[in-house]
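Contents: one structure, followed by commentary.
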Amino acid sequence: MSDLSAHRRATTSVADANAAVRAELITDYLAARRTGVWSDELRLLAEARRYDEVNPDDTVSL
Numbered sequence: 006m007s008d009l010s011a012h013r014r015a016t017t018s019v020a021d022a023n024a025a026v027r028a029e030l031i032t033d034y035l036a037a038r039r040t041g042v043w044s045d046e047l048r049l050l051a052e053a054r055r056y057d058e059v060n061p062d063d064t065v066s067l
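Residue 6 in our numbering sits at position 1 of the sequence shown; the count goes up by one each step and never skips.
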């Protein structure tokens, strides 16, 4: 691991990493919506659901 990579890992909080994963899932989903390929949309929704089950977001009250 490079020094820069090690520094980034050391300064990234769990909340920041969680937000980054969620943002990436949303970005990928929106890109899939633009293509109109429903199987890609469904795959990303399933991936987001699995991620939410393993990493619940306690900052959002449902």
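Think of the CB as a built atom: it goes at the ideal place given N, C-alpha and C, for glycine as much as any other residue.
**Report entry** Residue from 58, 62, 61, 30 whose Cα sits closest to the Cα of residue 47
**Finding:** The sequence position of residue 47 within the sequence shown is 42, counting from 1. Among 58, 62, 61, 30, the Cα nearest to that of residue 47 is on 30.
Requested in this report: Please report the Cβ distance between residue 33 and residue 49, rounded to the nearest whole angstrom; I am assuming they are in contact, meaning their Cβ atoms lie under 8 Å.
Outcome: Residue 33 sits at position 28 when you count from the first residue of the sequence shown. Residue 49 sits at position 44 when you count from the first residue of the sequence shown. The beta-carbon separation of residue 33 and residue 49, rounded to 5 Å, stays under the 8 Å limit for a contact.
Query - Among 39, 27, 21, 19, the one whose alpha carbon lies nearest that of residue 52 - result: Translated into the one-based positions of the sequence shown, residue 52 becomes position 47. Residue 52 has its Cα closest to that of 27, out of 39, 27, 21, 19.
Query raised in the report: Taking the alpha-carbon positions, what's the residue 60 to residue 25 distance?
Result: Along the sequence shown, read from residue 1 onward, the residue named residue 60 stands at position 55. Along the sequence shown, read from residue 1 onward, the residue named residue 25 stands at position 20. Taking the Cα positions, residue 60 is about 13 Å away from residue 25.
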